[in-house]
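Peer 1:
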Amino acid sequence: MTFWLVLTVNSITFGGLLFLLSAGFSLIFGLMRIPNLTHGSLFMLGAYFGATFIGGYLTLQFDFWVAAVLAALSVAVFGAVIERLLLRQLPGQQMAQVLVTLGISFMVADFCLLLWGGDPINVATPQGLAGFVRAGPAVFPLYRLGVIAIAAAIAAALWLLLDRTRLGAMIRAGVDDPDMARVVGIRVSQLFTIVFALGAGLAAFAGVVGAPILSVYPGLDQDMLPLALVVVILGGSGSLLGSFVGSIIIGFIYNFGQALFPELAYFVLFLPMLLVLILRPQGLFGRFVP
Amino acid sequence: MSALTVNNLRKSFGGLHVTRNVTFEVAPGERRLIIGPNGAGKTTLFNLITGELTPDSGSIALFGEDITRVPSCRRPHLGMARTYQIITLFPHDTILHNVSLALLGLTPMRWNPLINMRRQRHLQEQAHEALRRVGLADIAERPLAQTSYGERRRVEIAMALAQNPRLLLLDEPFAGLSIDERQDVRQLLMTIPRDVTIVMIEHNMDVALEFAERITLLHFGEVIVEGTRAEVVADPRTREVYLGH
Amino acid sequence: MRRHQIALLAAAVALVTLPYWMSGVYYINVASQILFFAVFALGLNIIAGYGGLVSLGHAALFGISAYVVGYLLQHGFGHASAILGALLAGLAATAVYAALALRATGIGFIMITLALGEILWGLAYRWISVTNGDNGINLHGRPQPFGIDINSATAFYYATLIVFVAAVAAVAVFVRSPLGAALMGTRDQPRRMNALGYHVWAIRFWACMFSGLLTSVAGILFVYYTQFISPQTLALTSSAEVLLMVIAGGAGTLLGPIVGAGLVVVVKSVVSGFIERWNFLLGAIFVAIVILMPEGLVPGTVRLWRRAWQGKNGTSP
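Chains as they are written, first to last, in my numbering: chain A, 51 to 340; chain B, 155 to 399; chain C, 5 to 321.
1) At a Cβ threshold of 9 angstroms, is S155(A) touching chain C?
2) In this structure, how does DSSP classify E219(B) when only helix, strand and coil are distinguished?
3) From G47(C) to G216(C), what does the alpha carbon distance come to, in whole angstroms?
4) Where G82(C) and V266(A) are concerned, what is the direct C-alpha to C-alpha distance, given to the nearest angstrom?
5) Tell me which residues share the same chain as G318(C) and place their Cβ nearer than 7 angstroms to its Cβ, disregarding the 5 neighbours each side in the sequence.
6) Could you tell me the boundaries of the beta strand (DSSP E) in which L324(B) lies?
7) Please classify F113(C) as buried or exposed, where buried requires at least 16 other C-beta atoms within 10 Å of its C-beta.
8) Closest Cβ-Cβ distance between Y202(C) and chain B: below 9 angstroms?
9) Roughly how many angstroms lie between the CA atoms of L3(A) and L95(A), to the nearest whole one?
10) Residues of chain C with CB under 7 angstroms from L268(B), in chain order?
11) So, helix, strand or coil for N142(C), using DSSP?
12) Tell me the DSSP bridge mates of L371(B)?
13) My understanding is that G288(A) touches F69(A), with C-beta atoms under 8 angstroms, so please give their C-beta distance in whole angstroms.
14) Counting only beta-carbon atoms, is T319(C) nearer than 9 angstroms to chain B?
15) Is there a Cβ from chain B that is less than 9 angstroms from the Cβ of N139(C)?
16) Determine the extent of the alpha helix (DSSP H) in which L104(C) is found, giving its start and end residues.
17) Quick check on W166(A): buried or exposed, where buried means 16 or more other Cβ atoms within 10 Å of its Cβ?
18) Of the residues that make up the stretch 92 to 108 of chain C, which ones have a beta carbon closer than 7 angstroms to any beta carbon in chain A?
19) List, in chain order, every chain C residue whose beta-carbon is nearer than 7 angstroms to that of H246(B).
20) Skipping 5 residues on each side, what residues in its chain have a beta carbon closer than 7 angstroms to that of V275(C)?
21) Using a Cβ cut-off of 9 angstroms (strictly closer), state whether W282(C) contacts chain A.
22) Could you name the residues that DSSP lists as bridge partners for K272(C)?
23) Assuming I222(B) contacts I214(B) (C-beta within less than 8 angstroms), just tell me the rounded distance between them.
24) Would you kindly work out how many angstroms separate the C-alpha atoms of F328(B) and E310(B), rounded to a whole number?
25) Can a CB atom of chain B be found closer than 9 angstroms to the CB of R196(C)?
26) For I154(A), does the three-state DSSP call read helix, strand or coil?
27) Determine whether the Cβ of Y129(C) lies closer than 9 angstroms to any Cβ atom of chain F.
28) Pair every Cβ in the stretch 139 to 150 of chain A with every Cβ in the stretch 120 to 128 of chain A, then say whether three or more of these pairs are closer than 8 angstroms.
29) Can the beta-carbon of P182(B) be found less than 9 angstroms from the beta-carbon of T301(B)?
30) Quick one: which chain C residues come within Cβ less than 7 angstroms of L120(A)?
31) V158(A) and G287(C): beta carbons closer than 9 angstroms?
32) For V281(A), which residues from the same chain have a beta carbon less than 7 angstroms from its beta carbon, with the 5 sequence-adjacent residues on both sides left out?
33) Run down chain C in chain order and give the residues with a C-beta less than 9 angstroms from the C-beta of D160(A).
34) Taking Cβ-Cβ distances shorter than 9 angstroms, what residues in chain A pair up with V269(C)?
35) Assign H203(C) to one of two classes, buried (16 or more other C-beta atoms within 10 Å of its C-beta) or exposed (fewer than that).
36) Tell me the rounded alpha-carbon separation between L65(C) and I207(C).
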């Protein structure tokens, strides 16, 4: 019983991390109609930045949360630069844009290897959340519960942003019909940059928040990108609710899969994606078939 | 037996009903014109007939055979060919290759991965013949990218005719043509023998009216008026649809 | 046409005599690598170039065949059954892969193939009881086709050359065939092809199967060459490398993937001799080619050459 309870909490925690990662991925996909293959790299880059800020390698040592925000901002700027300088060169050529994001992901991965080396970096749990919570026989690390709370808060904030603000209305219009949005006078190209930066920042933030659980290592990008892909194929592109539900589902399947059939855990992820592709190609909450 | 029977066809996208209970019949050899203002659902109707869209309900029959459930790529094999309002040709290839693809589509040879397509004498001769019919034989080897808009319209028609259809669906064959080009296409359509039934969507009334024998007027996805050319032109509802807005 | 034939003859002579003028086992091995990667790239080019379906998981299909060879040899099967088993497994995997990925086209196809490739990579990595995980599977020795020993670099080069020539010939025949023309038609105007009576899905499916066959053949050559297979072979970087070969050389051309394979293998061998930063360079070349020369080197060069030649003769196109 305790085992299952702990596994459930771990699944929700991982689902929360996946949501932070895939919400931006899904919005970028919905708006620009491209899967951003640098998304795993942005997650990893954020984690490395965070680890550096926290570890005090730059003479200054930052608090965990300050470091997370700083990492998110730096990677958001990096994302905006990619969008402005490279993707902007290929307007409307989605296939070429995807290949460019793929190329950048290799460059980022190699750059991180050069700078931070091949050994994993462990990031300490932030001080306020270092303890444990006891519930009957089960013991939960406080940090994992904290991650769930943060993910829930950011989900709510994103929902408010999309549902209640002018910017959100423009993004939704762009996701539903980019051509129509252009016609009614929304500056879609500016929107691309904003959403790309937002998505990059969220992914980087997820990287830092995930670091105490996952640690930071070369190949983290390649571990995370497929998960974001599966979440979005499952939940449907461009839908916040879709990435939320998809993340939780994948969080459960991934953790239970690891525990029950460790050798095939990665493969089990494939099953919900398979079902969705066959039964509902636009995803559970998607508005269009990619 | 009718060449084309459309019975109670319905289609909606979300809440938008683009085809509502459309029913009509086209007799063999007839020249039918479908008119209606923009957004009347004319092209949707074509896409339903060719099977590119699946109707929500209703049925379609070709020469008495129910084809509602027949996959769209089988329908050309049953004698249905169409042209597109927006030209959809193969831009990297020659005119001849475009027409050859149309011919190839109906032969089992299209699955052959081993023979050289350019050496298939019969196929090449048929393609040249189809181009002669539309007056493009001289420029058969010209890459499509180097042809004029009017020539491309004729390639569209040549490809449809090359398939020897029993039913030919023409989606605005005069769209975007100059007056001279329009006359060329009109004359080309006049030469099509009577064993081909033609259904045509067209906005350009002066050319189209002369060609049509019967007219179906669509408005908001519904058949408003149907009859001979004179009947439809004289009908007050026609005036209402076109002038009412 | 005559210039074509002379060039073809020159290339054939150069390839056949290569071990005699290219001294050193190292260079002969590089040439072998170029040839089997060219077979792989030719396979990917069938769907990516002629079919317009960009697959980012092809290394997984390549790797499956290589793993099956390794697994069967390890379990006491002979070379003939290992090779046959690898081909069948490769084709079966391709059939499933294609059936899933062809639910979509364009970007959707990229996403699904990427996900499938990553899943198979994860399987190779974690399914330790079968794949031996990160340690991979070692092979011991090469087969002896018709009793000929191909353990030496030169002998293996000739065996690879024969397979390569067969692959090039098969692709050349396919491209000119009605089915090849139909495939290119589905790339340019899928809707029109459907309206002309072609079963677009089936054409794409069979193209995937042909692509998978060439990919499997290349995977078998690869594993016999390196005598080793590990999850790294299935990784996204490997899929990206072969895609780079196709795109850099020129997607949708016969010569492009071969030139691309040569370019990538040579650059990789040269670069890894000096620094370890191959992935950075791979990414940079990718970005540069996509932005600056999207048509690839072969069509780009042909265009420049034609323009220069026509300029000299004063003829218009």
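Cβ coordinates follow ideal geometry from the N, Cα and C atoms, glycine included.
Peer 2: In brief:
1) True, the Cβ-Cβ gap to chain C drops below 9 angstroms.
2) E219(B) carries a strand assignment under DSSP once its states are collapsed to helix, strand and coil.
3) Answer to the nearest angstrom: the Cα atoms are 7 angstroms apart.
4) Between G82(C) and V266(A), the C-alpha separation is close to 44 angstroms.
5) Bear in mind that a pLDDT of 47 at G318(C), under 50, signals an unreliable position, so the model cannot answer this.
6) Taken as a continuous stretch (DSSP letters only), the beta strand (DSSP E) holding L324(B) covers L321 to D325.
7) The residue is buried, with at least 16 neighbouring Cβ atoms inside 10 Å.
8) So yes, Y202(C) belongs to the interface.
9) Absent from the model: residue 3(A). The displayed extent of chain A is 51 to 340, so no value can be given.
10) The contacting residues are V177 and S181.
11) Three-state DSSP puts N142(C) in a strand.
12) Looking at the DSSP output, L371(B) bridges to I189(B) and V379(B).
13) Not really, about 15 angstroms apart at Cβ, beyond 8 angstroms.
14) Low confidence applies to T319(C): its pLDDT is 44, below 50, so where it sits in the model is not reliable enough to give any reading.
15) By this cut-off, N139(C) is not an interface position.
16) Unbroken alpha helix (DSSP H) run through L104(C): H83 to A105.
17) W166(A) is buried by the Cβ-count criterion.
18) For the stretch 92 to 108 of chain C, which is checked against every Cβ of chain A, the residues closer than 7 angstroms are L104, R107 and A108.
19) Ordered by position in chain C, the residues that pass the 7 angstroms Cβ test against H246(B) are D192.
20) Spatial neighbours of V275(C) in its own chain (CB-CB distance under 7 angstroms, excluding positions within 5 residues in sequence) are listed in chain order as W282 and L285.
21) Judged by the 9 angstroms Cβ criterion, W282(C) is in contact with chain A.
22) In DSSP, K272(C) forms no bridge with anything.
23) Looking at the sequence shown, residue 222(B) is not Ile but Thr. Between T222(B) and I214(B) a beta carbon distance of about 5 angstroms is seen, short of the 8 angstroms cut, so the two are scored as contacting.
24) Within the model, the alpha-carbon separation for F328(B) versus E310(B) is close to 11 angstroms.
25) It does; some Cβ of chain B falls within 9 angstroms.
26) I154(A) falls in the helix class under three-state DSSP.
27) Considering every chain present, this structure includes no chain F. Its protein chains are A, B and C.
28) Pairwise C-beta distances place the stretch 139 to 150 of chain A out of contact with the stretch 120 to 128 of chain A, as fewer than three of them are shorter than 8 angstroms.
29) Contact flag unset, no.
30) Scanning chain C for C-beta atoms nearer than 7 angstroms to the C-beta of L120(A) yields nothing, as the closest lies near 25 angstroms away.
31) Between V158(A) and G287(C), the CB-CB gap stays under 9 angstroms.
32) Cβ neighbours of V281(A) beyond the five flanking positions: L68, S72, S293, G296, S297 and I300.
33) Within 9 angstroms Cβ-Cβ: E280, R281, W282, N283, F284, L285, L286 and G287.
34) For a Cβ distance threshold of 9 angstroms, nothing in chain A lies close to V269(C): the least Cβ distance comes to about 17 angstroms.
35) Under this definition H203(C) is a buried residue.
36) Rounded to the nearest whole angstrom, the C-alpha separation of L65(C) and I207(C) is 20 angstroms.
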